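Okay, structure first, notes after.
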Amino acid sequence: MTTLEDATVTPVVLGGARGGPDTPTLRTDRYWVQPVITVVVLTSFVAYASWAAFVNRNYYAGKDLGRDLISPFYSPCLTASCVPGASHSPTISWWTISPALLILIFPLGFRMTCYYYRKAYYRSFWLAPPACAVSDAHGSYSGESRFPLILQNVHRYFFYFGLIFNVILTYDAILAFSQPGQGSGFGISVGTAVLCINATLLWLYSLSCHACRHLCGGGVKQFSKAPIRYKMWKFLTPLNGKHMLFAWMSLVFVAFTDLYIRLVASGTITDYGFHF
Amino acid sequence: MHEYETHDFDVIILGAGGAGLRAAIEARAMGLRTALVCKSLLGKAHTVMAEGGMAAAMGNVYSEDNWEVHFRDTMRGGKMLNNWRMAELHAKEAPDRVRELEEWGAIFDRTKDGLILQRDFGGHRYARLAHVGDRTGLELIRTLQQKAVADGIEVFMECKVLRLLRDEQGAVNGMVGYWRPSGKFVVFKAKSVVLATGGVGKSWMYTSNSWEGTGDGHAMALWAGADLIDMECIQFHPTGMVWPLSVRGILVTEGVRGDGGVLRNSEGNRFMFDYIPPMFQAETADSPEEADRWYDDHAAGRRPPELLPRDEVARSINAEVKAGRGSPHGGVFLDIASRRSAEDIRRRLPSMYHQFKELAGVDITAEAMEVGPTCHYIMGGVRVDADSTATTVAGLFAAGEVAGGMHGSNRLGGNSLSDLIVFGRRAGIGASEFAQGRSDVTIDEGQVQEVIEAAIAPFERESGENPYEIQQSLQETMQSLVGIIRTGSELEDALGKIEELEDRAANVALSGGTKYNPGWNLTTDLPSMLTVSRCTAMGALERKESRGGQTRNDFPTPDPEMGKVNFVERIADPAADTSGVGGTPSIRSITVQPEPIPVMPAELQALFEEAH
Amino acid sequence: MAEEIIRSTQSGKVTMRLWRGDEEGGDFVEYVMPAQEGEVVLDVIHRVQATAAPDLACRWNCKAGKCGSCSAEINGRPSLMCMTRMDTLDTTVPVTVAPMRSFPILRDLVTDVSYNYEVAKRIPPLAPREKTADEVEAGGYRMAQIDVERSQEFRKCIECFLCQNVCHVTRDHEENKTAYAGPRYFIRSAELEMHPLDTNDRRQLLQEEQGLSMCNITKCCTEVCPEHIKITDNAIIPLKERVVDAKYDPVAWLGRKIRNRTKKTASEAAALAPAQGPAAVMPPGGVHGIPQPHSGGTTVVVEELVDVDVNVLSDVTETPDPTSPNNPNL
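In C-alpha cells form, the structure reads like this:
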C-alpha cells in the first residue's frame, strides 16, 4: 500500500460485550466542578453582555467628563444613534436599535467557534462529555460533521474579523490617553489602563488562537524552507499553550471594561487620573 | 483427542520484536506466505525498551568512522569471543539497514546538514548511534510494525508457542501453541521457522526485561536438537534504577553517560578513573579534565572512563558498592544535573526525565540518579551460521538476542538494535530460501497431542505448587548465585537448586481455566526459564575465567585458552526424553562442552594489530 | 465470583477493588494487601496474582511506561497501571481498577484491543519522495531537525490506546467505530501530513472517511496521554485547519489554483504509482488478536475504497444494530 488509493477499509467488529460495571462513570473525584464553573461564568457573561448591549446608554465617557473612553461592546460605534464623540466614521442611519448589536456578532462568533470555547461548552452545556471517562448524555453523536456544527470550520474568518476589532480597540486605548479640556489634553487615568489592558488581552487571545498558529506557520510542511513563518510559529506556539488562560482573562476583562466605563459614564464613579 | 486449529505458512517467525519484524518483512518481500507469531500484542516487544540508539558506521558525525572501526570495537568489546563473521556482516550492513528504515517512516534526530545524527556510546570509538532522543527502540519497532502492516503480513498476537515440531529427518516443520486470550490450542505448519524470541532476563530478580524474556526460543531450539553457545555470558547493564524497590532494574539509558553524565560514589568521586583496564588504557582519559574536553571534541582528549564497555562499568559499580561507597539504596550516583542545563536534559533524555519524575519522584535535572547493575541481555544463544542464520537443525533459523555469537562475551550498547535489523533481514532471506526448496510439510499428530496433554496437566492436579513461588525462587537463586560475580561453589549450589525447582515445577496445580490465565501462562513459561537458567549456570561453571559477561571470583582474569572456545550446550536425543516439566526434555539431560571458535582470517586479524 | 470479600481499614493495608469477569458478566472483587513503599498499581496487582488470585487476568509487559500494555481505568480514570503510584491514590478507600471501557472484554482487566489494529491498517504509510542526486551520494535523505520535530512528537506514542478508550465518540457511541479513526490514528496521520518526505495528501481521507470532523476537541485524549503528547493542540486541530485549507477556505483554494501545488492529491498519486490494484497490493493479511467470536457482535464491512471521490467514501454494507443488548450507549 503506497498511495491513498490503496487504502482499504477493513472490517470492524461492533458490539462486543464490554467489561466493567454499566455505570456512567467510575470516577469519584469532583469532575463536575469544572463544567459547573464554566456554565456559571459563561452564563453570567452572556447575561451581562446582552443587557449591556441592549441598554444602549452609558457606553461612552466623553468630553463632558474630560475623557475619551468607549466600551469595547460599542466600538466601533457605527450608527447614527451613537452618542456624540463615540463615533469616528461615517454612520449607518437605518440601524435604529443599539449600535452594539451591529458589531457584537463578530467577537461573539470568534469566541463561539474558538477551539477552546468549543471544548468548554461542549463539555459543560452539551455534556458531550461532561468530563473524561464520564459518559456523554446523548443517544447518538455526529460531532462537527453536520450542519450546524460544520460551520465551526469558519473560525478563521472570525479570526480575521477579530484582528480588525483588535486594531480598533487598540486605537480606542490610544485615544484613552486624551483628556479633552484637561491641561495639555493628554493624561493617564484608570480608564486608560483598563482599555490598554483590555486591548492587550484581546491581542493575546487572538494571537494564541489555533487558526492563527496554523495560518502563520503551522500549515507549512517544511519549516526549513519557510524560516520566517517558522519563527512566527515558534513564537506563537507557547502563546497557543496558554490559549485557555487568555480566553478566560480577556472574556472577564472585556466585561469589566464595559462595566468600568459604564460606571464612569453614568457618573457613579470617578475615573481617577492625571494629565500632563 | 484435543482440538486445535491449524494454520499453514511457508515461513513462520516467532517473536515480533525488531528481528522478527525485519525477518517477516524480508520473507514477505521474497513472496513467501509469511506469518508472525508473538506472545504479546504487536508492537509491545522488548525492543521498545532499547533507548540509546542503533550503532552503524555511517560516518555522519565523524567521517573517519567506517565498518572496520566498528568491527574492531565490537570484537574488542566482546573480548574476542565473537563469531567474527557475524561481527563483520553486522558492521558492514548496519548503515544500509538504518537508512532503509528512514524510507519506511523512521524519523531519526538530524545533524546540522540534515543527515542522521549519531551519538556517543560506551565502547564505540566514534559517535555512531543513530537515535531518536532516548526512545530509539520504540522508533524501530513502530517503523517495522507499520511496514509489516502495510505489506499485509499476517500477525498472530498473544499466542504462546510451546514446542517446535519436527519431521522424521529431524527438520522443523511447525509448532504448537495456544492463544492466551482464549486458551485454545493452535498448530502452525511451516517450511521454515525463524526464532526471534529475545532474551532470558526474567529469570533474574533485578532485570530490565519484561515478563516475556523467558528464553522460550533458546529452550525450544535446544529441545529441537539445536546447539546453544556461551549461555554464561549475561550482560548486566551498569545503570538500572535501584529505588523504589518496585522499579528496581528498570533501565537508565547509557545515553545519559554518552551525553555527559558521570558516575560518582558516596564521596563524590568519579570512581571510574580507578577502574580502567589495561586493554583500554591507551584510549581512555586519565583525568576528569581530559575526559570533559572529549565531549565537545573527540580530538581534544581521550574518552571518559564512564564510557568503557558495559561489563567494565557494571563490575566497577559493584566493587564500589561492596567497598561501602555506595548510595543510600545500594547503587551509585549518576549525575547529569550538574553537567548539562535542565532544558538540554529534558530535550535529549525525555523518557529518562519522566521515568524518574513519575516513578521515583526524582528530578534528574536537579539531582543525581541512583543506579546499579541490572540483568539486561544474553550474549550467548542459539548457534547460527553467520550468513544465513541457520541453526544446527534443518528448517530452524534464529536472529536477534536469541542467536549467539555476534556479541562475544559482552555486547556494546547500540549493537543490539543494529543486530536485529541486519540479522533479521538475513534470517528472512535464509528461511525463505530454505522454504522455497522444501515441499509441503505434514505434522505428526502424536507430537501435537502430547504437547497439549502436558500443557493442561496442571489443571488436573487437585493440589500442588504455586507457579509464582517457583518463579520467585528461581529469580532469587539466579540473582544471588548466578549474578554479576560468580564462584564455583555457588554455581554448583545453583545447579542443585534449579534441579529442585524443576521437580517442583512438574507438580504445579492450577485452577481458573485456560482463558487468559496468567497463572497458566507462567506455568508454561517455567520449562524454558528453568532450561536457560540451567544452561547459564552450567556454562558459568565450565568457563573458568573472567571475560565480559562472565566474571568468576575464583578465576578473576581472562584465560587465553578459554578465549578460543565456545561452551556448547545441547541435548543429545531430545525426542527420547520427556521427563522434564510439561513433557519437555529434563534439564538434567543438557550437556556442555568446549568447542573451538571460528578462526578469523588474516586480513581481519590485521585490523587489531594496527596502532590506535 | 466466589472470592471472599475481606475488607480491612487497618493502616498498612490497601484494598484493591478489581473487576473480575468476562463477556458473560462480572463484578468487583476486593483484595486486601499489605501496603509497600514506592509501589505502583501494577505491583499490587502482581502481588494479588502471586497470592490470592493466580488466574487474575492483567495484560502487561515492560512495567516502565514504555510499551503501553497495562492500560486500565483506575478509580475511573484511564491510566497505565505501571505509571500510577499507589501514593498518589487515596488508600483509605478501596482502589478501583476496571478494564478499559471502550473495547470488548476478554477477561478481568484485559480487553480485546484488535479494533485499533484494524484502524491502523487504514492509514496509508509514508510515501517518500525520490532522493535527490545529493542524497543518493550522501546515502540518505536530508531533513532538517526543525522539519522532523513535529512528527517526532507523535512518534512518541506507545499505543496504550488510552486515548482511543477515553474518546467519547466511540466510548459512548459504538456505532461510530466504523467511521472514526480515533486520536491515536489522527496523530499518525498528522505525523505523516507533517513529514517532510511524504507525498500523499491525506486531508480528504481524513475528512471523508476517518471521521476527523466527529472529534469535538474536548481534549480527553490529551488529558490521558501517558506520553504527554499534545494530541488535540498539535495534531487534531492542525489537521482540522488543514482540512479547512482544502475544503472550506476559498482564499486558500484560490491561492492553490494560482501557485503550483507541490503535493499530490489522492488520484494523482495513484496515477503515478505502479499499476497495482488495491487487491494486488493488499494481500489478505492482517493482525489477528484471537480467533474467538465477539458475542453479540456485528461485523461491519465498509467497502473497499476504490475511488476517492467525495461522495462514495463510506458505503456501509451493513449497519450495526442499535438495539443490540451490548450496545453501550447510555
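Chains as they are written, first to last, in my numbering: chain A, 302 to 577; chain E, 192 to 803; chain S, 88 to 417.
C-beta: ideal position from N, C-alpha, C; glycine also.
If you're wondering where the values come from, they're calculated on a predicted model, not measured in any experiment.
- A residue is called buried once 16 or more other Cβ atoms fall within 10 Å of its Cβ, and E786 of chain E, having fewer, is exposed.
- Put simply, of E:A207, E:Q666 and E:L713 the residue whose alpha carbon is nearest the alpha carbon of N657 of chain E is E:L713.
- DSSP, read as helix, strand or coil, puts D332 of chain S in helix.
- A distance below 8 Å separates the beta carbons of A700 of chain E and P649 of chain E.
- S441 of chain A counts as exposed, since fewer than 16 other C-beta atoms from the protein chains shown sit within 10 angstroms of its C-beta.
- For the region 464 to 486 of chain A, the set of positions with a beta-carbon nearer than 7 Å to some beta-carbon of chain S is empty.
- Taking CB atoms only, E497 of chain E has no neighbour in chain S less than 8 Å away.
- Going by DSSP, F758 of chain E is part of the beta strand (DSSP E) stretching over V756 to I762.
- Against chain A, the CB of H315 of chain S has no partner CB under 8 Å away; the residue lies outside that interface.
- Y707 of chain E sits buried, since 16 or more C-beta atoms from the chains shown fall within 10 Å of its C-beta.
- Annotated three-state conformation of C307 of chain S is helix, per DSSP.
- Cβ contact annotation for F346 of chain A (same chain, cutoff 7 Å, sequence separation greater than five): L552 and A556, in chain order.
- Contact between I245 of chain S and H511 of chain A is ruled out by a C-beta separation of about 26 Å, above the 8 Å threshold.
- Taking 8 Å as the upper bound for CB-CB distance, F478 of chain A and T493 of chain A are in contact here, some 6 Å apart.
- Residue state for G244 of chain E is assigned as coil, using DSSP reduced to three classes.
- Between the region 541 to 552 of chain A and the region 458 to 467 of chain A there are fewer than three inter-stretch CB-CB distances shorter than 8 Å, so the stretches are not counted as touching.
- In the three-state reduction of the DSSP assignment, I393 of chain A falls in the strand class.
- For K264 of chain S, the residues of chain A that pass the 8 Å Cβ criterion are V313 and L315, in the order they occur in the chain.
- Looking at the DSSP output, W370 of chain E shares a beta bridge with E:C350.
- Among the CB atoms of chain S, one or more fall inside 8 Å of the CB of Y707 of chain E.
- L452 of chain A sits exposed, since fewer than 16 C-beta atoms from the chains shown fall within 10 Å of its C-beta.
- In this structure, the CA atom of G440 of chain E is about 40 Å from the CA atom of Q335 of chain A.
- Taking one beta carbon from each stretch, the region 556 to 573 of chain E and the region 221 to 238 of chain E have fewer than 3 pairs nearer than 8 Å; the two do not touch.
- Residues of the region 581 to 610 of chain E that bring their beta carbon within less than 7 Å of a beta carbon in chain S are absent altogether.
- When E:R326, E:V367 and E:C350 are compared, the shortest CA-CA separation from I634 of chain E is found for E:V367.
- The alpha carbon of A697 of chain E has as its nearest neighbour, out of E:I647, E:K338, E:V438 and E:G679, the alpha carbon of E:I647.
- One finds nothing in chain S with a Cβ atom closer than 9 Å to the Cβ of P564 of chain E; even the nearest lies about 17 Å away.
- Runs of the alpha helix (DSSP H) lying entirely within the region 440 to 525 of chain E, each at least 4 residues long, are 446 to 449, 469 to 472, 479 to 487 and 501 to 513 in chain order.
- With at least 16 other beta carbons inside 10 angstroms of its own, S490 of chain A counts as buried.
- For I216 of chain E, there are no neighbours in chain S by C-beta distance under 7 Å, as the nearest C-beta there is about 12 Å away.
- Closest in C-alpha terms to P191 of chain S, from the list A:W427, A:L496, A:K532 and A:V313, comes A:V313.
- Excluding the 5 residues flanking it on each side, A527 of chain A has same chain C-beta neighbours closer than 6 Å at V521, in chain order.
- Taking C-alpha positions only, T302 of chain E is separated from A490 of chain E by approximately 19 Å.
- Around the beta-carbon of T722 of chain E, 16 or more other beta-carbon atoms lie within 10 Å, marking it buried.
- Of the residues assessed, W333 of chain A falls on the exposed side of the cut-off, its CB having fewer than 16 other CB atoms within 10 angstroms.
- In this structure, DSSP gives R164 of chain S an extended state, which the three-state scheme calls strand.
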